[in-house]
Amino acid sequence: MPAGEVHNIFTDIVDRAKALDPANARKWFDDLSVLDFDGGSIDIGCPDESNVRYLDENCRSSFTRAAQQITGHLVTVDFVVGSGGKMIAPEPAGRVGPALHPDYTFVNFVVGPSNRLAHASCVAISQSLGETYNPLFLYGTAGLGKTHLLHAVCHEIQRRLDGAVIQLLSCEDFVNRFIRAIEQGNITGFHSQFRTVDALVIDDIQFLREREQSQEEFFHTFNALYNSGKQIILSADSPPNEIPSLEARLISRFNWGLVARVDPPSYETRIAIVQKKAHLRGLEINDEIAEYIARQVQANIRELEGALTTIYALATTLKEPVTLELAQTALEGQIKLATRHISISDIIDVVTQHFDVRLTDLQSKRRSQSITVPRQICMYLARRLTKHSLEEIGGHLGGRDHTTVMHACSKIADAQEGDPKMQALLTELTKQVTQAQQA
Ligand code: ADP
Ligand code: MG
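In the working numbering, the protein residues as written are 34 to 472.
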């Protein structure tokens with residue numbers, strides 16, 4: 034197949050994958066390329082390892098479905114690092130970098146009064162490792178960007194210092210790896226993993242509370258690194274002296290460097306964050322809607338992002354443009370959702386009423402059109418509007434397995450593409466389910 038044609042097919046696949054799963058779509062998908070396309074499988078080249086990991090974890094099924102729909106063949110997809118038609122050989126085992134989120138960079142971080150100090154100290158550290166603030170201790174409540182900043186430092190170190198060894202992990206991981214090392218009698222291996230790095234970055238260090246033996250181990254790790262001028266960065270949900278049952282000698286060490294608090298963002302910062310997140314996903318968002326979201330969600334940036342996702346998911350499902358009115362419908366539903374999520378029963382209620390069938394029919398083995406269509410629509414809507422797994426959805430509908438649910442979802446998705454009546458029906462049912470939510 035000529036290269037131009039492969040390129041066009043690939044562009045269509047990426048567009049379709051974005052449409053199938055808008056919440057996980059990112060603007061950098063435009064930087065992906067085809068490395069190999071032999072009809073049965075497609076190797077997709079990604080800018081770096083963090084993009085590969087993101088796609089593997091979040092987008093495998095949307096890309097596979099998109100590729101199958103566009104090519105009309107049962108192709109599989111693989112994500113690898115590479116560009117310009119060439120794959121870049123994977124890092125040899127043991128030299129793999131930390132698992133970084135591709136979105137969590139300094140460029141994608143909005144700086145405001147609430148996080149200025151934390152941000153500035155992270156930038157300073159990434160420019161002169163071990164020399165400015167050591168350790169750096171970031172703290173603040175959940176969803177304010179601590180993990181984002183830790184990843185950003187690591188991205189930046191990797192970019193500036195080729196070959197720098199970084200360990201970035203959650204405290205829980207640290208503790209689990211320590212326990213495993215003891216069980217396997219390989220404490221030396223554990224030491225060499227953590228005491229020989231250029232930077233040790235541990236997220237949610239409050240997890241050390243009440244873990245005496247791990248605190249002891251961490252104390253020695255800390256000393257070894259600190260004494261050889263290696264960088265230590267920690268995050269927690271509270272300042273060192275407020276972490277319950279943390280040994281005094283650790284509290285004092287955590288205070289040796291810089292302790293920076295991250296506060297909830299101001300209204301202006303929240304608007305800028307919403308705009309940044311929309312931009313990352315390649316979405317157009319007008320000021321009115323960004324301001325509306327920033328007013329609705331105040332305390333937690335993760336929820337700000339969730340609001341954006343909800344609005345765009347509703348717009349995609351309804352196939353309507355994002356207007357203030359639609360944003361309101363979506364979020365007011367979501368605010369209620371905070372106390373009560375859309376459940377599979379809400380969906381089943383709406384669907385059984387519309388088709389005038391009984392739940393027991395949907396759960397039965399009957400395979401007549403009048404039953405299979407409403408059953409598949411229930412599965413499709415449950416997949417779109419709830420967070421339930423394929424297994425759970427199948428469980429509510431007569432104990433069907435996940436492949437049946439997956440099949441039903443693609444069947445309905447495909448049906449609506451070519452059928453305006455099906456489209457209108459799904460729009461109507463979605464409205465009814467979300468409105469039932471707000472009642
Ligand atoms: P924490 O670790 O403090 O609980 P996270 O780092 O996981 O919070 O942040 C939650 C979400 O909010 C992430 O998607 C992150 O990208 C986003 N976020 C937080 N602060 C900012 C910011 N200042 N600019 C852009 N995104 C942010
Ligand atoms: Mg975090």
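Ideal placement from N, C-alpha and C gives every residue a C-beta, glycine not left out.
- The straight-line gap separating the alpha-carbon atoms of Asp206 and Arg213 is approximately 10 Å.
- For Thr393, the enclosing alpha helix (DSSP H) begins and ends at 392-396.
- Between Val330 and Ser147, the gap from beta carbon to beta carbon reaches 8 Å or more.
- One Cα belongs to Ser299, the other to Thr174, and the distance between them is close to 15 Å.
- Cβ contact annotation for Ile235 (same chain, cutoff 7 Å, sequence separation greater than five): Leu202, Cys204, Phe207, Leu267, in chain order.
- For the ligand MG, a non-hydrogen atom lies closer than 7 Å to the CB of Thr180.
- In this model, Ala346 and Leu418 are separated by some 9 Å (Cα to Cα).
- Scanning Pro277, Pro273, Leu233 for the CA closest to the CA of Ala257 turns up Leu233.
- Ile380 sits away from Gln409, with the two beta carbons spaced by 8 Å or more.
- Every unbroken stretch of the beta strand (DSSP E) spanning 3 or more residues and falling wholly within the segment 98-126 is given here in chain order: 109-116.
- Under the DSSP definition of a beta bridge, Cys79 partners with Val114.
- Taken through DSSP and simplified to helix, strand or coil, Phe70 comes out as strand.
- Closest by C-alpha distance to Ala52, out of Ala100, Ser271, Gly78, is Ala100.
- Residue range 245-260 is occupied by the alpha helix (DSSP H) that includes Ala257.
- The Cβ atoms of Leu341 and Ile326 sit closer than 8 Å to each other.
- Distance check between Tyr166 and each of Lys310, Leu291, Leu430, Tyr413 places Leu291 closest, using alpha-carbon atoms only.
- A Cβ-Cβ separation of about 6 Å places Asp89 in contact with Phe112 under the 8 Å criterion.
- The beta strand (DSSP E) runs of length 3 or more contained entirely in the segment 166-193 are, from start to end of the chain, 169-172.
- Collapsing the DSSP output to three states places Val234 in a strand.
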